Amino acid sequence: MRYAFIQSQQHKHPLNRLCSTLNVSTSGYYDWLDRPVSKTQRTNQRLLTKIRCFHQSSRQTYGSPRVHQDLLAAGEHVSVNRVARLMKSAGIQSKMTKRFIVTTNSKNTLSPASDRLKRNFFTVKPNQKWVSDTTFIRTRQGWLYLAMILDLYSRQVIGWGMSDRNNTKLVVDALQMAAVRRDCSEQAVVVHSDQGSTYASGDYQRLLRKNNMLASMSRKGECYDNAVAESFFGTLKTELVDDEDYRTREQAKQSLFEYIEVFYNRQRRHSYLGYVSPDEYERANGL
Numbered sequence: 005m006r007y008a009f010i011q012s013q014q015h016k017h018p019l020n021r022l023c024s025t026l027n028v029s030t031s032g033y034y035d036w037l038d039r040p041v042s043k044t045q046r047t048n049q050r051l052l053t054k055i056r057c058f059h060q061s062s063r064q065t066y067g068s069p070r071v072h073q074d075l076l077a078a079g080e081h082v083s084v085n086r087v088a089r090l091m092k093s094a095g096i097q098s099k100m101t102k103r104f105i106v107t108t109n110s111k112n113t114l115s116p117a118s119d120r121l122k123r124n125f126f127t128v129k130p131n132q133k134w135v136s137d138t139t140f141i142r143t144r145q146g147w148l149y150l151a152m153i154l155d156l157y158s159r160q161v162i163g164w165g166m167s168d169r170n171n172t173k174l175v176v177d178a179l180q181m182a183a184v185r186r187d188c189s190e191q192a193v194v195v196h197s198d199q200g201s202t203y204a205s206g207d208y209q210r211l212l213r214k215n216n217m218l219a220s221m222s223r224k225g226e227c228y229d230n231a232v233a234e235s236f237f238g239t240l241k242t243e244l245v246d247d248e249d250y251r252t253r254e255q256a257k258q259s260l261f262e263y264i265e266v267f268y269n270r271q272r273r274h275s276y277l278g279y280v281s282p283d284e285y286e287r288a289n290g291l
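Sequential numbering from 5 applies to the sequence shown in this note's numbering.
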């Protein structure tokens with residue numbers, strides 16, 4: 005296994021340094037190279053090639069469980085433990101989650117809505133419970149604010165808004181998009197948010213009532229009341245934003261659009277959904 009690791013890393017580091025670090029001789033490594041490749045080694049090499057491909061296509065965000073699901077979908081019969089061993093030996097790993105800053109401003113929210121969600125993030129049908137939140141993205145032109153709405157049924161982002169201002173229009177834009185995409189005429193949908201002043205604004209609350217939606221707000225200081233929405237932004241920052249240096253807000257908007265609508269909603273395997281994408285989960289359930 006040490007020789008295999010040296011082979012996988014030789015294009016990055018000098019051979020002498022790799023051999024010295026792993027306490028093996030260069031002659032031993034060359035002897036290993038001259039040996040006939042076994043069936044297991046050939047299989048591992050083929051799997052590792054696919055693993056690298058799936059890992060790169062996931063923006064280097066997939067760990068062994070999601071890569072394993074990609075391999076199964078590609079017709080490979082392999083255990084998740086084997087995938088984990090191959091990834092570890094080749095130094096392939098998922099990006100680590102980083103902390104992010106919450107942007108809630110609830111100083112002017114005098115009468116927040118009650119918490120209808122009560123940390124119950126499970127739902128059996130779409131358009132029963134939505135969660136919403138706002139975050140900011142750094143660009144060289146200044147902050148870009150992103151508001152989003154996510155359906156807890158499929159974890160799909162169904163509405164979003166972007167602006168250089170964290171104001172009521174930002175969250176109204178996200179809610180309007182969700183209302184256009186989803187039919188809420190048959191049942192009232194709970195729309196959960198924090199106690200931010202934009203969510204408590206008259207325009208936002210009127211739009212909720214107009215579309216047969218019920219306002220719900222987290223308790224003050226209880227970030228876990230809106231854990232799924234905050235988790236999405238944590239994923240967004242880890243998988244995309246933290247690796248970017250946006251020169252303009254427009255560049256950031258295009259990048260965020262591609263991540264949300266192309267990658268996250270339609271391609272990214274979600275562990276909560278049994279490692280299928282939100283869009284695939286909804287289609288599999290007849291939506």
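C-beta: ideal position from N, C-alpha, C; glycine also.
Remember, predicted model here, so these are calculated numbers, not experimental data.
Taking the beta carbon of residue i as the centre, do at least 16 other beta carbons fall within 10 Å, making it buried, or is it exposed?
i: T4; result: Nothing about residue 4 can be reported from this structure: the residues present for the chain run from 5 to 291 only.
i: R190; result: Note on residue identity: the sequence assigns Glu, not Arg, to residue 190. Under this definition E190 is an exposed residue.
i: K214; result: exposed
i: Y250; result: buried
i: T25; result: exposed
i: T53; result: exposed
In the structure shown, what three-state DSSP assignment does residue i receive?
i: L300; result: Outside the shown range of the chain, which is 5 to 291, sits residue 300, and nothing can be said about it.
i: A151; result: strand
i: G2; result: The structure shown does not extend to residue 2, since the chain spans only 5 to 291, so no value can be given for it.
i: T53; result: helix
i: K122; result: coil
i: H15; result: coil
i: S136; result: strand
i: Y7; result: helix
i: H59; result: helix
i: H72; result: helix
i: Y250; result: strand
May I have the straight-line CA-CA distance separating residue i from residue j, to the nearest angstrom?
i: I105; j: S235; result: Any reading at I105 needs caution, since the residue's pLDDT is 47, under 50, leaving its predicted position unreliable; the model's value is listed next. When rounded, the distance between both Cα atoms is 12 Å.
i: T252; j: V184; result: 29 Å
i: L218; j: T143; result: 35 Å
i: L211; j: Q180; result: 8 Å
i: P69; j: A8; result: 23 Å
i: H196; j: I10; result: 51 Å
i: Q132; j: T138; result: 21 Å
i: E80; j: K43; result: 15 Å
i: L19; j: A94; result: 16 Å
So, are the CB atoms of residue i and residue j less than 7 Å apart?
i: L230; j: V135; result: The residue asked about is misnamed: residue 230 is Asn in this sequence, not Leu. Contact: yes.
i: L178; j: G165; result: The identity of residue 178 in the sequence shown is Ala, whereas the question assumes Leu. Result yes, Cβ atoms of A178 and G165 sit closer than 7 Å.
Kindly provide the ranges of any beta strand (DSSP E) runs that are 3 or more residues long and lie completely inside the stretch 153-229, ordered along the chain. 160-167, 193-197 and 217-221
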